[in-house]
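Chemist: Residue numbers (the numbering used here), protein chains in the order written: chain P, 1 to 329; chain B, 1001 to 1795. The structure is given below, and queries will be raised subsequently.
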Amino acid sequence: MMKNKIRRMINNMPLNKVRFWIQLSMFVLFAYGGYVLIDFGSSIPIFACPYNSETGATCYFMPLQHQLAMPANVLFGAAAISVLVGLLTFVAWFVVLNKAWCGYACPFGTLQDWITALRKKLGIRYGTYSQAQFEKLSKIKYIFLAIVIVIPLLMGVGVLGREWSGAFCQICPARVISPMFSGDFSQWKIDFSTVTSMILTTIGVLFAAVFFVGSFIKKRFFCFFCPMSALHYTMSDLSLLKLRKDGDKCTKCGDCYKVCDMQIKDIADDVISTNILRDDCMFCMKCVAACPEDDALHVDILNMRVFSSSKEGFAKRMGMDRLEKNDDR
Amino acid sequence: MVDFVKRDKNDIFNRPILGFVFKNKKFLLGMRIAVALLFFYAVFYGFMNPAKENIFTGAVFWVLFWPLFMLLTLPTFGRIFCGICPHGFLGKYITALGLKKTMPAWMQNRYIGIFLLIFGWWGAYYVFPGFLSSPLGTAGLFAGMTAVAFVLYYLYKDMSYCKYICPIGTMSRAYDKLSFTKLETYTESCKECKTFECASSCPYHLKPFSFAAKNHTDDCTLCMECANACEAVKFTLTKPAQILEKKFKALNAEVWAFVLILAAIPVAMTFAHGLERSTIAQEMIWNKTAAFFGMGEYGVGFAFMYAIVLSLFFAVLGLWLASVVLKKDFNTTFSTLGYAFAPLFILGSLGHTLEMFFVKDYATLVKGFAQAFGFAAEAVPLAKRGDAWLHYLGFLRWVGVIWTLMLLYKRLKLIESTKIRKIFGYFFASLLVIFFIGINIYVGYVFKVYGIKAAGHSHHMGGQSISQRPSFVKSASQPADDSSEVLDFKHMIKATDLIYFTCSDPRAGSRNSYTGGMHGGNPMAVPSQNVWLVYGENFGQNACIGQLDGALLLYDTSHTEKPVKTQSAQNCTAYRFDMPHNGYYTLFFHSLIAKENILHYKSAKLEFLNGNHGLADVYEPHKSQPFIAEKNKIDLIRLRDKKEDSFFYTHSSGDLLRFQALFDNKPLAHADIKVFTDTGWVKSLKTDSEGIAEFNIIKDYFPKWPEFDKRHKGMLLISLSYEDNSSGILNAESYAKTHYTLTYPLFFYPNEDEYKSYKEGLIFALLALLLASFIVYRFRKNRTKPFAEVRYDEK
């Protein structure tokens, strides 16, 4: 009885509010953790940018790029262990939350959600991609992931010089924007020391500027291009947390697609796959909260349902009782 | 599925030993694991030992895998190497875990693999001889291909990598047709089958039950999954190249592979390694072309290009002329007759390869394995160059020519035409063969008439050396080696000379020898630093001090005295110390020289900041505080700035430096301080009443922009001097005055403001912001344009 009660309570929770508070606390933790000497290490699967000197952890891409840029014989020799340890730590962190790292913990993602909230307050319409645009854009993150991995390797074999160090960081908008959380605006500078760094930092600055316009208009604008999201997807099968769909119970009403910030069509269309997590997904669980069918969508930890869609929860979150009352009046 | 079948006599699965070798699941798995381990170990070994001394990596790939596993098996048993190839073996599992997408149409192109083989490998092999076949190049190549293969296996289904991208995939598929084996099924038994286990078990998504009827085996790599899934699969012995005697669905890519490989290997080898050795090499057209373009050293690369162009020319021209006389369209003629060129390369190269194996490569192989697995082995080559029986192997090339001509005859039978047309067609189609015979005879002719250059035979294994990190040899067991010519320290150094520490080797021209940080090799090892003591009248004229007359003291981060290792070479001594912790390591040196009634107390100081990344390396402010040695008569303390809040602090031009001079641990007022830079700038200062002097580091680095280096090290030397009237006797020389000097070196980088700019960044950002906003605005305006409303006046 007790169990059912708790389950009902979870299923009926106001997800948006819960999520807001989790995101806020995570943002404080990762953007300002440094002030109270919090350090979760350097293998965190989110864009907790180390260029922000007060970060509470370090985005995994920073150490990864530095490690892969070691001379090839060092990298494949003794240093392989430290690379492996870094990767395993990354996986260990990732396995816990799966892509919910993006939806709940990433400060850069949270920033975009807040910009979206601002837009909403101002009453400006949001933008969407057409399906064809979506298909194309969602490939870009793999190109960025390739940049993260290939450029340091090329440095390691001596094809590229030191000015390519941390090449992805140089073009990453989080590098430009995150330090502003702690009042450091110096990343907006362009580095003229070499032609390469000039081009890379210029791209970074442009990307950061476009980020503001883009995320104002498009929900989670940057996440389509995020190489971390791509890296997550390659190992999402390992994760303990799963987003599952029961196609038999789906009526294809499309509510889940409408609330999806990432415009993932499969969430409504695909009634065959049970594992409905897609590469663009950020595991915000808004789809689960928006689903009006009992157990059609559910979030599992090790096959145990922790949060599933329900008629009751849907009615609660939509304020149906209030609506009905208004109808009566 | 068929449970039992009465096998033919010539079914290999019916043979006691061969049947086990080719079909037994456990044996095949064992072979695959062994080959995969060997493959990855060789790659790993190549990265670990990139120097030329590593013969193992080369031996595995260029003695074992390519000649023995590929060239020897392809015209005999077929693509059996593909069946145990590490990529395919692991790829099967990766595909099972992977995304199983369909490979995009543009990648489903066998020419990708062929071009990778011909230009990516062979082209690069001729243009940059030695690099790709060096241990590091080999390991890098195979590591890279492995990474590509695994990514593609992960993404795409049905082992598409093997079919389209693998450089030797299409090649194996093509030459497999010469073999005397064929995988097919007992078609009689198959008739009752409704379940098609052979097809469903095939990782390549092929249909083995159709092989017999189709008369070829598609992309089958002989992995024998089907044979283990159904008993009706057979692996028969046939006549060599039996497939080529009948019609089958030809693939133009295979014919191009035959021609291009013939061009890239035997023809180009004949040019680049044959004619290039003759005394008239410079007269050859490729060397003349290279000289014409002023790229004389790339003659061999041009030879490769000529080989490709000439071979393609004769192949295409010949087959086109044949198509004209046979009155058939070019495509049909090309794909039908082109298959005859198959034996031309493979038998020719096999002869050469086997000869090299007996003469040299066998010994290399044994030595390589002995090197890698650490056992002792004496390898004697199986034959000496010039042994009579080796010449028989050379005949294999002519066997290849004869076989080609025979195949051409058989393939010609498949084309319908009149007899007289076929005779002319035969002649034209064999133009490539005639060209091949021609260049072989021509080489013999050139060698006979003009002779061979003195230089030896250059072979695959000749790699250029890849420089390794120089390793520092501790000199504990090896005393100063120049004992014969020890220079007299006191006479060498003049009274006015500066003695100071430097972190860069004064013998080498290099300025940069900072080895702190995590990139200095083994991350587990304790980082260490070399320093040298040098002297000179001016800063920058570093003459190295070979033998020391004075005291050298090292204090670590916790201010305790530590030993210093020394190594002398070429009359120059390097001092090396370990830096187990982060923080400042301080070195002191002082010596006494009495000259002309003056005692010169010369001392040098170095503060070296070690910074390492690591969890244990937490910055604590007290660790950056200067160390004041009480033993030192005279000292110069650099007062720390508030900005210095990490172990990675560096000085940059524009920084304010503050020093306090101490004498007998008391502030030294009104002492002379001189500041030098390595560019020749000098500044004189006096300490104030508290012994403090301060100055800004100047900017003296003005390169043209593209040559700007933000890690350019500017060198500073601060020297403190002071004189008092203490007198005494040193080494039987009395003095009335004492002159104290202390030097303190420091390096600095260009200031960030010199190369980083807000202005451009903000302008660009603003422009991008405006442009993006404008685009969004325009875009929305277009979309929200109200419909032109049509109104009717209803009055």
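Think of the CB as a built atom: it goes at the ideal place given N, C-alpha and C, for glycine as much as any other residue.
Tell me which residue opens and which closes the alpha helix (DSSP H) that G414/P is part of.
Modeler: One cannot answer for residue 414/P here, as it falls past the ends of chain P, which runs 1 to 329.
Chemist: Rounding to the nearest angstrom, what Cα-Cα distance links K1410/B and M1269/B in this structure?
Modeler: For this step, residue 1410/B is matched to residue 410 along the second sequence. For this step, residue 1269/B is matched to residue 269 along the second sequence. Between K1410/B and M1269/B, the C-alpha separation is close to 29 Å.
Chemist: Assign Y1733/B to one of three DSSP states: helix, strand, or coil.
Modeler: Within the second sequence, numbered from 1, the residue matching residue 1733/B stands at position 733. First, the residue type needs correcting, since residue 1733/B is Glu and not Tyr in the sequence shown. Here E1733/B sits in strand by DSSP.
Chemist: So which of I1012/B, I1346/B, L1606/B and E1754/B has the shortest CA-CA distance to L1183/B?
Modeler: Here the question's residue 1183/B lines up with position 183 in the second sequence. When each option's Cα is compared against that of L1183/B, the closest is I1012/B.
Chemist: Using a cut-off of 7 Å between C-beta atoms, extract the partners of S193/P located in chain B.
Modeler: Taking the first residue of the first sequence as 1, we reach residue 193/P at position 193. Residues of chain B passing the Cβ test: F1708, K1710 and Y1755.
Chemist: Spell out whether any CB of chain B is found under 7 Å from the CB atom of K121/P.
Modeler: As a position in the first sequence, residue 121/P is number 121, starting the count at 1. Chain B contact via Cβ: absent.
Chemist: Is the CB of Y1758/B under 7 Å away from at least one CB in chain P?
Modeler: Taking the first residue of the second sequence as 1, we reach residue 1758/B at position 758. For Y1758/B, the answer is yes, since a Cβ of chain P falls inside 7 Å of its Cβ.
Chemist: Reducing DSSP to helix, strand and coil, say where D1482/B ends up.
Modeler: Indexing the second sequence from 1 puts residue 1482/B at position 482. Confidence in D1482/B is poor, its pLDDT being 38 and thus under 50, which makes the residue's placement unreliable; the coordinate value appears in the next sentence. Correct three-state label for D1482/B: coil.
Chemist: Would you say L145/P faces chain B, with C-beta separation under 7 Å as the test?
Modeler: Your numbering for residue 145/P matches position 145 in the first sequence. Chain B contact via Cβ: absent.
Chemist: Quick one: what's got a C-beta closer than 6 Å to I1017/B's C-beta in the same chain, skipping five residues either side?
Modeler: Along the second sequence, one-based indexing puts residue 1017/B at 17. Within the same chain, I1017/B has no close Cβ partners at all.
Chemist: Please name the residues in the region 1035 to 1060 of chain B whose beta-carbon is closer than 7 Å to at least one beta-carbon of chain P, in chain order.
Modeler: If the cut-off is 7 Å between Cβ atoms, the region 1035 to 1060 of chain B has F1044, F1047, M1048 and P1050 near chain P.
Chemist: Please go through the region 1404 to 1433 of chain B and give each complete alpha helix (DSSP H) segment of 4 or more residues, from N-terminal end onward.
Modeler: Correct list: 1419 to 1429.
Chemist: In this structure, what does DSSP give as the bridge partners for W1532/B?
Modeler: Position 532 of the second sequence, counted from the start, is the residue given in the question as residue 1532/B. Partner(s): T1502/B and A1574/B.
Chemist: Which partner residues does E1184/B have in the DSSP bridge list?
Modeler: As a position in the second sequence, residue 1184/B is number 184, starting the count at 1. BP columns for E1184/B point to K1234/B.
Chemist: Considering only the alpha carbon of each residue, which of V1005/B, F1115/B, G1274/B and Q1242/B lies closest to I1261/B?
Modeler: Position 261 of the second sequence, counted from the start, is the residue given in the question as residue 1261/B. For the residues V1005/B, F1115/B, G1274/B and Q1242/B, the minimum Cα distance to I1261/B belongs to F1115/B.
Chemist: Which stretch, first to last residue, makes up the alpha helix (DSSP H) that contains R1173/B?
Modeler: Here the question's residue 1173/B lines up with position 173 in the second sequence. G1169 to Y1175 is the span of the alpha helix (DSSP H), which, as asked, contains R1173/B.
Chemist: Take A1379/B and list the residues in its own chain whose beta-carbon comes closer than 6 Å to its own, dropping the five residues that flank it on each side.
Modeler: Counting from 1 along the second sequence, the entry for residue 1379/B is found at position 379. Counting only Cβ-Cβ distances below 6 Å, and skipping sequence neighbours, we find A1363, V1366 and K1367.
Chemist: Under the three-state reduction of DSSP, which class applies to Q1547/B: helix, strand or coil?
Modeler: By one-based count along the second sequence, residue 1547/B stands at place 547. Coil.
Chemist: Using a Cβ-Cβ distance under 7 Å, would T1130/B count as near chain P?
Modeler: Against the second sequence, residue 1130/B aligns to sequence position 130. Correcting the residue identity first, residue 1130/B is Gly in this sequence and not Thr. No, G1130/B does not count as interfacial toward chain P.
Chemist: Secondary structure at R1007/B, three-state DSSP: helix, strand or coil?
Modeler: Taking the second sequence and counting its residues from 1, one reaches residue 1007/B at position 7. Three-state result, R1007/B: coil.
Chemist: Under three-state DSSP, which class holds T1743/B?
Modeler: Start at 1 with the first residue of the second sequence, and residue 1743/B comes out as number 743. Strand at T1743/B.
Chemist: Which residues in chain P sit within 7 Å of S1773/B, going by Cβ to Cβ distance?
Modeler: Numbered from its first residue, the second sequence carries residue 1773/B at position 773. Result: V213.
Chemist: If you compare alpha carbons, which of V1526/B, I1493/B, T1557/B and L1244/B is closest to L1533/B?
Modeler: The residue given as residue 1533/B occupies position 533 in the second sequence. Measuring from the Cα of L1533/B, the nearest candidate turns out to be I1493/B.
Chemist: Excluding five sequence neighbours on each side, which residues of the same chain lie with their C-beta closer than 6 Å to the C-beta of S42/P?
Modeler: The sequence position of residue 42/P within the first sequence is 42, counting from 1. Around S42/P: T58 and P63.
Chemist: Out of S25/P, E54/P and C49/P, state which residue places its alpha-carbon closest to the alpha-carbon of I38/P.
Modeler: Taking the first residue of the first sequence as position 1, residue 38/P is located at position 38. Closest option to I38/P, Cα to Cα, is E54/P.
Chemist: Distance, Cα to Cα, L1405/B vs A1253/B?
Modeler: Against the second sequence, residue 1405/B aligns to sequence position 405. Against the second sequence, residue 1253/B aligns to sequence position 253. Taking the straight line joining both Cα atoms gives about 21 Å.
Chemist: Since V299/P sits in a beta bridge, which residues does DSSP pair it with?
Modeler: Locating residue 299/P in the first sequence gives position 299, counting from the first residue. Its beta-bridge partners are L243/P and F307/P.
Chemist: Going by beta carbon distance, what residues of the same chain come within less than 7 Å of R331/P, once the five residues before and after it are set aside?
Modeler: Nothing can be reported for residue 331/P: it is not among the residues displayed for chain P, which extend from 1 to 329.
Chemist: Beta carbon of L1681/B, beta carbon of D1700/B: below 7 Å?
Modeler: What you label residue 1681/B is simply residue 681 of the second sequence in a count that begins at 1. What you label residue 1700/B is simply residue 700 of the second sequence in a count that begins at 1. Per the sequence presented here, residue 1681/B reads as Trp, with Leu not at that position. Yes, they are a contact pair.
Chemist: Measuring only between beta-carbons, confirm whether L29/P sits less than 7 Å from chain B.
Modeler: Taking the first sequence and counting its residues from 1, one reaches residue 29/P at position 29. Taking Cβ atoms only, chain B never reaches closer than 7 Å to L29/P, which makes this a no.
Chemist: Sort out for me which residues DSSP pairs Q1660/B with in a bridge.
Modeler: As a first step, residue 1660/B must be located in the second sequence, where it is residue number 660. Looking at the DSSP assignment, Q1660/B forms a beta bridge with I1637/B and I1692/B.
Chemist: Please list, in chain order, all residues of the same chain as I1673/B whose beta carbon is under 6 Å from its beta carbon, the five residues on each side excluded.
Modeler: The sequence position of residue 1673/B within the second sequence is 673, counting from 1. L1685, A1693 and L1720, listed in sequence order.
Chemist: Should A105/P go down as buried or exposed, given a rule of 16 or more other Cβ atoms within 10 Å for buried?
Modeler: Translated into the one-based positions of the first sequence, residue 105/P becomes position 105. Classification of A105/P: buried, given that the 10 Å Cβ count is 16 or more.
Chemist: For D248/P, is the classification buried or exposed, using 16 other Cβ atoms within 10 angstroms of its Cβ as the cut-off for buried?
Modeler: In the first sequence, the residue the question calls residue 248/P occupies position 248. That one is exposed.
Chemist: Suppose you measure from the CA of G1301/B to the CA of F1258/B; what does that come to, to the nearest Å?
Modeler: Against the second sequence, residue 1301/B aligns to sequence position 301. Against the second sequence, residue 1258/B aligns to sequence position 258. About 21 Å.
Chemist: Sorted by chain position, which residues of the same chain lie with C-beta nearer than 6 Å to I151/P's C-beta, five sequence neighbours on each side aside?
Modeler: Numbered from 1 along the first sequence, position 151 holds the residue referred to as residue 151/P. If we look at I151/P and ignore the five residues flanking it on each side, its Cβ neighbours are W164 and A167.
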